[in-house]
Each structure stands twice: as structure tokens, then as C-alpha cells.
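Each residue of the sequence shown is one higher than the one before, starting from 1 at the first, in full-length UniProt numbering. Notes for the one structure printed next.
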Amino acid sequence: MEDEFAWLDRVSPRRFFQPNVTEGIGDDAAIYQTSPKFEDILCVDTLVEGIHFARETMLPTDIGYKALAVNISDVAAMGGSPLYYIVSAAVPATWTEDDLIMIYRGMRELGDSYEMDLLGGDTVSTDGPLVLSVTVVGRTEKGKYLTRRDAEAGDVLVITGPLGGSAAGLHLLWNQGELDFEDEANRTLLQYHQRPDPQVIAGRMFAHETSRAAVNDISDGLASEAWEIAEASEVSLHIDQDVLPLAAKWHPQFSDEQALQHALFGGEDFQLLAALPADEWPALEKQLQTEGIPALKIGTVQAGDPAVTLHAEGEQVPLLKKGYNHFSAENQRKGSE
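What follows is the structure in C-alpha cells.
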């Protein structure tokens with residue numbers, strides 16, 4: 001099959017029948033108006049065993065936790081708060097009822113922390129791998145939702161936390177044999193992979209404490225997500241390599257280059273990347289720090305054709321539009337291994 005994003009463009013509707021639809025396919029979630037004061041956020045993510053998770057690297061509770069977290073992250077990127085979720089599961093005979101209960105327990109653990117309600121779903125048997133499809137409904141105040149298309153020349157680029165931790169944690173789980181789970185550096189990277197923390201508070205602050213912001217969550221890697229903002233906003237993004245918060249930089253198993261590659265192309269960090277007015281950043285930075293969010297300025301937005309460049313040691317390197325793409329030939333091969 002062709003490129004995932006090109007395929008989505010081909011199947012996207014060119015018009016809406018319902019007048020309350022504000023945003024359709026093309027961002028982290030859909031938006032539709034539900035009352036004079038609020039708009040609801042609708043998103044869905046599907047996780048497939050062997051593609052998105054493996055029993056060898058995650059407990060059932062972790063799988064459930066992460067399945068809900070990836071959806072909450074989409075709501076965060078739109079500036080909303082998560083409210084409800086629905087779960088569909090295709091379950092093979094290799095997974096027991098107790099396993100499934102633990103998966104739902106992991107979802108409930110995270111959902112309860114946001115006071116989310118599980119409203120239903122569907123469960124079927126399958127001869128294939130375990131498949132979990134989670135739909136989340138969130139909400140934001142009317143006109144306050146965020147998109148990727150509001151970046152302007154002169155903006156600063158901000159990231160809400162460390163990058164590359166999930167990919168590095170997965171690398172440790174697959175390649176380190178008898179991994180020392182008591183080692184703090186190991187535990188930190190494993191936590192990034194198995195129990196990502198959706199940045200809901202940061203998303204709400206981007207929506208309410210700025211005059212505008214273009215926001216994307218880091219699900220497929222910094223490079224890919226930066227390109228999505230650049231293309232949606234028709235601007236050029238310039239990223240300063242030296243200030244990137246590399247999660248694996250201080251881990252003895254990873255070189256600086258490996259830590260950088262994990263940050264740029266690894267994905268599943270679920271931090272938020274935001275472009276916002278430069279004069280609004282100092283005050284917002286203090287507010288984010290007050291909430292315990294280690295947000296950093298990592299670059300700037302400039303006028304020009306859509307592009308993303310990485311700046312390091314006085315050199316500018318074009319950053320390829322590369323990240324996790326479900327329909328790419330490389331990831332098709334990985335999924336079959």
C-alpha cells in the first residue's frame with residue numbers, strides 16, 4: 001500500500017454533511033460543536049500485537065495503559081480534556097480472560113486519573129494477533145481547540161519534555177539480555193516506553209495561555225511531527241540540535257548519536273511540540289515550570305516553503321520527513337519479522 005499520509009488524503013471527504021463539524025481528517029483528532037460553549041474532540045487509535053507492542057516487552061496492564069494514553073495524547077494536542085472512552089478488542093486464544101482483565105485494569109488506572117468513563121465497546125475472537133482499538137471523546141471550550149496550522153514566522157518552537165525515551169527503552173528491552181530493572185537509568189527509559197505520560201496540562205495551557213499555537217504530539221518522532229506543522233502552516237522550522245532534551249543522552253548504553261536518532265525518528269514519546277508567539281513564551285515557560293513541566297525552547301519558525309532543518313555547530317542539515325509510517329515498505333517488513 002502507498003504512503004500512509006497520502007492514502008489518508010485520498011480517502012478524506014471533501015465536504016461534511018453535518019453543520020456542527022469543525023475539523024475532520026487531517027489533525028490529531030476531529031472537532032465538532034456540541035453546545036454554544038463547548039466543542040467535543042473525537043479520536044481513535046488501534047494497537048496491533050507485533051506492530052505496536054509485544055508480550056515480551058510489556059505487561060498486560062502496561063499494554064492497556066498505553067492503549068489509552070496514545071488517545072489521551074491526541075486530545076492533549078488539540079487542547080482538550082479527555083472525558084470518555086470506548087474499547088474494541090479482537091482477542092486470540094493465546095490471550096486468557098485474566099490477561100484481558102489486566103489490560104482493562106491498566107486502562108482504568110490511567111482513565112481514573114483523568115476521571116474518564118468507560119462507556120462500552122466490543123470484544124471478538126480472532127485467529128490473528130491481539131488488536132485493541134480505543135476511541136476517546138474529549139472536550140474543549142468553543143474556539144479554543146488547537147491545530148497544526150497556526151504557526152507563523154517569528155514563533156518559537158517548544159517541546160514539553162524529553163525525547164527518544166520510548167525508543168531507547170524498547171531498545172533496552174529487546175537487546176540487553178538480563179536487564180537490570182533496579183537500575184534507575186534503565187527504569188526511567190522503560191517508563192517512557194511502557195507508561196508514557198500524556199501532556200494534557202500543557203495542551204490546556206497552550207490553548208488558554210497563548211493568543212495562538214500550532215501543536216502536534218510526538219507519536220511518530222520529532223522529525224515527522226515537525227514536518228506536519230511545517231506543511232500545515234506553510235512555514236520553515238529550524239531546530240537547534242544542541243538544546244534538544246535527549247532522554248537517552250546520559251545512559252551508558254547509548255552514544256550521543258543514538259540518543260539523537262531516537263529523539264528524531266523513534267516516536268511514541270507523546271510530548272507536545274508547539275509553535276507560539278515568541279513574546280508570549282517567557283511567561284508561559286514559568287507557568288509550565290510551576291506545573292512541573294520541563295518545557296524547553298528548541299527552535300524557531302521562519303518564513304519560507306515548508307521545511308525542517310537541524311542546526312548544529314554552525315551547520316544546517318535538512319531533516320528528512322521520516323518517522324513511523326504504517327504503510328512504508330520498511331515498517332511493513334518490520335511488522336512481519
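All C-beta atoms in this analysis are idealised placements derived from N, C-alpha and C, irrespective of residue type, glycine included.
Cutoff 8 Å; reference residue i; Cβ partners in own chain excluding five residues on either side
i, result
"ALA303", "ALA153, VAL235 and SER236"
"LYS37", "GLU141 and LYS142"
"GLN18", "TYR32"
"PRO252", "ALA185"
Nearest-angstrom Cα separation, counted from residue j out to residue i
i, j, result
"LYS286", "ALA274", "16 Å"
"VAL124", "VAL91", "6 Å"
"ALA232", "THR290", "31 Å"
"GLY64", "THR96", "14 Å"
"ASP279", "THR210", "10 Å"
"ASP180", "ASP98", "27 Å"
"ILE229", "ASP150", "8 Å"
"PHE238", "ASP256", "As written in the sequence, residue 238 is His, which differs from the Phe given in the question. Approximately 20 Å, taken between the alpha carbons."
"PHE16", "ALA29", "15 Å"
"TRP281", "ALA89", "42 Å"
"PRO318", "ALA223", "10 Å"
"ARG148", "ILE218", "12 Å"
"GLU178", "PHE254", "17 Å"
"PHE53", "ASP27", "24 Å"
"GLN33", "VAL215", "20 Å"
"THR94", "GLY164", "32 Å"
"SER133", "LEU288", "32 Å"
"MET102", "MET58", "12 Å"
"GLN176", "LYS144", "45 Å"
"LEU172", "GLU109", "25 Å"
"GLU182", "GLY106", "22 Å"
"ILE25", "VAL308", "23 Å"
"GLN191", "LEU170", "10 Å"
Cutoff 7 Å; reference residue i; Cβ partners in own chain excluding five residues on either side
i, result
"ASP242", "ALA312"
"THR160", "GLN199, ALA202, GLN271, LEU272, ILE293 and ALA295"
"GLY111", "LEU68, TYR85 and LEU118"
"MET116", "PRO82, LEU83, TYR84 and TYR85"
Whether residue i touches residue j by CB criterion (9 Å)
i, j, result
"ALA263", "LEU189", "no"
"TYR104", "PRO82", "no"
"ILE31", "VAL21", "yes"
"ASN71", "VAL158", "no"
"TRP227", "PRO162", "no"
"ALA213", "LEU146", "yes"
"ALA67", "LEU47", "yes"
"GLU56", "TRP250", "no"
Buried/exposed call for residue i, threshold 16 Cβ in 10 Å
i, result
"SER35", "exposed"
"ARG204", "buried"
"GLU39", "buried"
"PRO60", "buried"
"ALA207", "buried"
"GLY80", "buried"
"ASN186", "buried"
"VAL11", "exposed"
"ASP62", "buried"
"ALA283", "exposed"
"GLN258", "buried"
"GLN194", "buried"
"GLU225", "buried"
CB-CB length for residue i against residue j, believed under 8 Å
i, j, result
"THR300", "ASP155", "7 Å"
"LEU260", "LEU276", "The pair is not a contact, with the Cβ atoms about 24 Å apart (cut-off 8 Å)."
"PHE265", "GLY314", "Contact doesn't hold; Cβ gap of about 23 Å is too wide."
"GLU268", "ALA168", "Not quite, the Cβ-Cβ distance comes to about 11 Å (not below 8 Å), so this is no contact."
"ARG139", "ILE298", "The pair is not a contact, with the Cβ atoms about 30 Å apart (cut-off 8 Å)."
"GLU49", "LEU130", "4 Å"
is_contact[residue i, chain C] using C-beta, thresh 9 Å
i, result
"ASN71", "The question asks about chain C, but that chain is absent: this structure has only one protein chain."
Nonlocal neighbours in the same chain, by C-beta distance under 6 Å from residue i, ignoring five residues either side
i, result
"LYS322", "ALA223 and PHE265"
"LEU310", "ILE239, GLN241, VAL317 and LEU319"
"GLY120", "ILE86"
"ASP74", "ASP28, ALA29 and CYS43"
"MET78", "ASP28, ALA29, ILE41, TYR145 and LEU146"
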